[in-house]
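Some notes on the structure that comes next.
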Amino acid sequence: MKCEYCGLAQTSGRYEEFVRHVKAHFRVKWELENGPMWQCCGVPVEEAYAKWDQATWAKLKPESKQERVINGRRMVGGCGETCARKSVLAKHIRKSRGKCVGDADAPYILGNTAEGHSKAR
């Protein structure tokens, strides 16, 4: 198999690795047009204020309590880091030890939008 974007010839025989390579090209093009596909953005401010109690706020590190505008939406609880794949973002959120909160499957993550979702996984 040969990559139609860069001409890389698949030599390892692992189809999954080749598919991941091709999707990386798609992700770069998509992000240039739309913004980061898999970004640690936290949760919408209105969701945080409605659902979080004092204990949850107390666990967050100071930098995660700062509001950010991401993709036109006020967010809190994320660090802004971008990840190459959805699985990496999910791991980042899970292992952040209170620095970041959120859900890699959330609809406000750009990679989960209708046009990006099917091709970006």
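Here the working numbering is used: the first residue of the sequence shown is 255, the next is one more, and so on.
Just so it is clear, CB atoms sit at the ideal spot from N, CA and C, and this is done for glycine as well.
In three-state DSSP terms, what is residue i?
{"i": "residue 367", "result": "coil"}
{"i": "residue 256", "result": "strand"}
{"i": "residue 265", "result": "coil"}
{"i": "residue 355", "result": "coil"}
{"i": "residue 426", "result": "Examination of residue 426 is not possible in this model, given that the chain is present from 255 through 375 alone."}
{"i": "residue 311", "result": "helix"}
Mind reading off the beta-carbon distance from residue i to residue j? Whole number of angstroms is fine, and I expect it under 8 Å.
{"i": "residue 329", "j": "residue 322", "result": "5 Å"}
{"i": "residue 302", "j": "residue 331", "result": "6 Å"}
Would you give the residue range spanned by the alpha helix (DSSP H) that residue i belongs to?
{"i": "residue 348", "result": "340-348"}
{"i": "residue 335", "result": "Careful: residue 335 lies outside any alpha helix (DSSP H) and carries neither H nor E."}
Could you say which of the options lies nearest to residue i if we only look at CA atoms?
{"i": "residue 362", "options": "345, 318 and 296", "result": "296"}
{"i": "residue 337", "options": "312, 364 and 351", "result": "364"}
For the beta strand (DSSP E) that contains residue i, what are its first and last residues?
{"i": "residue 329", "result": "327-330"}
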